[in-house]
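With the numbering used here applied, the sequence shown corresponds to residues 37 to 138, in that order.
Written out below as structure tokens is the structure these notes cover.
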Amino acid sequence: MADRLSQVAGHLSNTYGRGLLNGEVAIITGGAQGIGRSCALLFAKEGAKVVVTDLDEKKAQLVVDEIKLAGGDAIAVGGDVAADDFPQRVLDATIKYARALI
């Protein structure tokens, strides 16, 4: 296990000066807690601009605040991934966010 962790660690930021995901935009669903939160924080640490989505937008915003405090960039989008309008809302918010970064 230690060998595998060492191998994975070698692929992360220490190999890429600005992070493995520098310049990318990542949408993380369920990003307010647990595995989703960990993914959002790691993606941001690796340079991605992160769209944190969750049922609870206030909790998602807390993750966004944590990312920004660490020097990253992110936005929160609240909603249910099973809702008919959710995919379009997330895409619209992500496109608007990405355009503002240019």
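Note that beta-carbon positions come from the ideal geometry of N, C-alpha and C, so glycine has one too.
With DSSP as the reference, label residue i as helix, strand or coil.
i      : result
Ile111 : strand
Val87  : strand
Ile138 : coil
Ala76  : helix
Ala106 : coil
Taking the alpha carbon of residue i as the reference point, which residue from the options has its own alpha carbon closest?
i      : options                        : result
Glu93  : Val117, Glu82, Ala62, Asn58    : Val117
Leu56  : Asp121, Phe79, Glu102          : Phe79
Leu91  : Ile138, Ile131, Asn58, Ala112  : Ala112
Lys104 : Ala119, Val87, Gly115          : Val87
Ala68  : Gly115, Ile131, Asp128         : Gly115
Val61  : Ala119, Gln124, Asp109, Gly70  : Asp109
Gly66  : Ala136, Gly107, Phe122, Arg135 : Phe122
Considering only their Cβ atoms, is the gap separating residue j from residue i smaller than 8 angstroms?
i      : j     : result
Val100 : Arg73 : no
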